[in-house]
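Counting in our numbering, the sequence shown runs from 937 upward without gaps. C-beta atoms are modelled at their ideal positions from N, C-alpha and C, and glycine is treated no differently.
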Amino acid sequence: GRTPPCTKAILDAEISRVVFSTVDPNSRHAGRALRLLKSKGVEVAYGILSDLSAELNAAFNHWIITGLPFVTVKAAMTLDGKIASVSGESKWITGSLARREGMKLRHEVDAILVGVKTILNDDPALTLRDVRRPKPEWRGPDLKRIVLDPRARTPLDAKILNDEGASTTTIIVSPNASVTRLTRLEKKCAVMSCPLKKGKFDLMYLLKKLGKQNITNLLVEGGGETNAAFIESGFVNRIAFFYAPKILGGRDARTGVAGEGLPLKPGFFLERIRWRNLGSDLMLTARVIRK
937 GRTPPCTKAI
947 LDAEISRVVF
957 STVDPNSRHA
967 GRALRLLKSK
977 GVEVAYGILS
987 DLSAELNAAF
997 NHWIITGLPF
1007 VTVKAAMTLD
1017 GKIASVSGES
1027 KWITGSLARR
1037 EGMKLRHEVD
1047 AILVGVKTIL
1057 NDDPALTLRD
1067 VRRPKPEWRG
1077 PDLKRIVLDP
1087 RARTPLDAKI
1097 LNDEGASTTT
1107 IIVSPNASVT
1117 RLTRLEKKCA
1127 VMSCPLKKGK
1137 FDLMYLLKKL
1147 GKQNITNLLV
1157 EGGGETNAAF
1167 IESGFVNRIA
1177 FFYAPKILGG
1187 RDARTGVAGE
1197 GLPLKPGFFL
1207 ERIRWRNLGS
1217 DLMLTARVIR
1227 K
């Protein structure tokens, strides 16, 4: 998005033939370079591997067209959909290979989002780690961390507020949050207010705000309620679910997708479904297509 136009450089270098995959999704620029090159006598071929190009640039293209981040919901769960035991144990549901793939997803995005219950239950670091080495490694401003926290309940001693990446943390609060708690949080990190819609965060408002901050690719790693909020509201573009060959049961054990539930025939379907074996675990990725 910030790369200078290459058309002039191509013409200056007297390149006679240009091959590219897809035109710019930005309607303000789409086709302009193509027409200019052709008018100068440059042979142009395009549409090469266009499907692969669309997949590679899916997040950026989505952001350019809609102004919203491309949203992936990720969860690691048992075969019966549990992300923790009834006592709250969650480390680890899946094995090391699956966790490594999950970390690769973080390396692909601009920001990671969780709900405050994840912070209260697990106190995660939400950092990037080198997928080739087990040692945790903070990677500066590469990954922004976002917490949905309507009542500003994030503990002041939470890891995400006290490590060297605390400046990349943003707490999303509702207009009803305690002023006292807000004041304390603002001394530790960025705080942003988001309006409520039917008692829940207005996700369209939030995603528009994040899009304006140049967050093009968002990974939702919340608990069941946060995951469900994005799925039920229709703002998910991709899912990445990891399944371990375990069964935990427990009516009160946390699940990967909770919420109010969807009808048997929801307003979307999954395509480009892909299953991968990761040791004894399975990874499912799929694109979410609205009907």
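Nearest-angstrom Cβ-Cβ length linking residue i and residue j, presumed shorter than 8 Å
i       : j       : result
Thr1193 : Gly1170 : The question names Thr, but residue 1193 is Val in the sequence shown. Between Gly1170 and Val1193 the Cβ distance is about 14 Å, and since that is not below 8 Å, they are no contact.
Ile1108 : Leu1142 : 7 Å
Ile1151 : Pro1005 : 5 Å
Ala1189 : Thr1030 : Not really, about 16 Å apart at Cβ, beyond 8 Å.
Classification of residue i by the beta-carbon crowding that lies within 10 angstroms, buried from 16 upward
i       : result
Thr1002 : exposed
Glu1025 : exposed
Glu1037 : buried
Ile1183 : exposed
Val1045 : buried
Thr1162 : buried
Thr1116 : exposed
Val1022 : exposed
Trp999  : buried
Leu985  : exposed
Asn1213 : exposed
Host beta strand (DSSP E) of residue i (start-end)
i       : result
Thr1106 : Thr1105 to Val1109
Asp1217 : Asp1217 to Arg1226
Glu1207 : Phe1204 to Leu1214
Residues of its chain near residue i, where Cβ-Cβ distance is below 8 Å and the 5 sequence neighbours each way are ignored
i       : result
Ile946  : Val954, Leu973 and Val978
Ile1209 : Leu1220, Thr1221 and Ala1222
Val959  : Ala966, Gly967, Leu970 and Tyr982
Leu1118 : Ala1088, Val1109 and Val1127
Ala990  : Thr958 and Asn997
Ile951  : Val978
Pro1111 : Ser1129, Pro1131 and Leu1132
Cutoff 6 Å; reference residue i; Cβ partners in own chain excluding five residues on either side
i       : result
Leu1146 : Pro1005
Phe1205 : Ile1225
Neighbourhood of residue i by C-beta, 7 Å cutoff - its chain only, sequence neighbours within 5 removed
i       : result
Glu1139 : Sequence check: residue 1139 is Leu here, not Glu. Within the same chain, Leu1139 has close Cβ partners Ala1165, Phe1166, Ser1169 and Phe1171.
Lys976  : Leu947
Endpoints, alpha helix (DSSP H) assigned at residue i
i       : result
Val1052 : Val1052 to Asp1058
Ala1011 : Where Ala1011 is concerned, there is no enclosing alpha helix (DSSP H), although the beta strand (DSSP E) it sits in stretches over Phe1006 to Thr1014.
Arg1087 : First-last for Arg1087: undefined, no H or E at that position.
Arg971  : Arg968 to Ser975
Subject >> Stretch-stretch touch, CB-based, cutoff 8 Å, three pairs: the region 1148–1155 with the region 1041–1056 >> reply: Segments in contact, yes.
**OP:** Could you say if the region 1112–1122 and the region 1010–1017 meet the contact criterion of at least three C-beta pairs nearer than 8 Å?
**Re:** At 8 Å Cβ cutoff, the stretches do not touch.
Original post:
Do three or more CB pairs link the region 1197–1205 to the region 1078–1094 at distances below 8 Å?
Top reply: no
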